[in-house]
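Below you'll find the structure, written out as structure tokens, and then a few comments.
Numbering (our numbering), first residue to last: 2 to 199.
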């Protein structure tokens with residue numbers, strides 16, 4: 002009886018990991034495609050022949066790299082991190098929620114954002130020196146924007162949203178956030194212009 006129960010738990014964990022990985026690949030890759038469209042429109046916005054332009058080409062390799070990062074983040078890093086946060090910060094008191102959200106932003110947010118920006122740069126062919134400088138230039142503003150966007154969401158998610166709804170709402174938030182990260186990750190000419198809007 003115990004072996005059957007154990008195998009069901011293992012199967013459920015594998016299924017959840019697979020589902021999260023597929024969602025992560027789709028969100029990160031799709032968000033990168035959207036970022037590429039935005040970048041292409043920004044480059045072509047001064048063109049007098051704007052109406053004649055066809056669809057902007059998509060860099061499939063870049064989108065695939067982003068999707069692969071999504072597998073790692075959504076399939077493995079996020080689930081492990083959130084399980085640990087739930088073990089450490091128990092309850093829904095305001096102080097607990099604030100601490101949990103701050104720790105999430107300062108650990109998971111910094112780790113995933115910096116790894117994502119660095120990996121995208123390295124896998125796109127930039128040197129380690131270029132990538133290191135780019136991460137140092139981008140991360141302070143990314144960190145501030147992370148706090149502005151994810152702190153309010155975390156407060157709502159950790160206090161009001163049922164556990165079974167959180168993956169859906171987080172996926173929606175994550176798709177928008179990954180578009181921003183993709184824009185910042187691939188802008189080696191200057192610091193991400195989208196930061197000026199926050």
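We put the beta carbon where it would ideally sit given N, CA and C, even for glycine.
TODO: Give the range of the alpha helix (DSSP H) segment to which residue 114 is assigned.
DONE: 111-124
Open item on the list: Could you tell me the alpha carbon to alpha carbon distance between residue 22 and residue 73, rounded to whole angstroms?
Closed with: 7 Å
- [ ] Would you check if there are 3 or more beta carbon pairs closer than 8 Å linking the segment 182-191 to the segment 19-38?
- [x] yes
Open item on the list: Report the CB separation of residue 186 from residue 118 in whole angstroms; it is logged as a contact under 8 Å.
Closed with: 5 Å
Task: Cα-Cα separation, residue 82 to residue 129 - done: 27 Å
TODO: Evaluate residue 17 with the Cβ neighbour count: other Cβ atoms within 10 Å of its Cβ, from every protein chain shown; 16 or more gives buried, anything less gives exposed.
DONE: exposed
TODO: Output the boundary residues of the alpha helix (DSSP H) element that contains residue 71.
DONE: 61-73
Open item on the list: DSSP three-state label for residue 150, please.
Closed with: helix
Open item on the list: Only counting the same chain, and skipping five residues up and downstream in sequence, which positions put a Cβ closer than 6 Å to that of residue 110?
Closed with: 147
- [ ] Compare the C-alpha of residue 177 against each of 160, 157 and 151 and name the closest.
- [x] 151
Task: CA-to-CA distance, residue 149 to residue 100, given in whole angstroms - done: 15 Å
Task: For residue 140, the nearest candidate out of 158, 188, 31 and 154 (CA to CA) - done: 188
Open item on the list: Spatial neighbours of residue 28 within its chain, please: C-beta separation below 8 Å, excluding the five flanking residues on both sides.
Closed with: 71, 75, 172, 175, 176 and 179
Open item on the list: Measuring only the C-alpha atoms, how far is residue 160 from residue 79?
Closed with: 18 Å
Open item on the list: Mapping the DSSP letters down to three states, classify residue 163 as helix, strand or coil.
Closed with: coil
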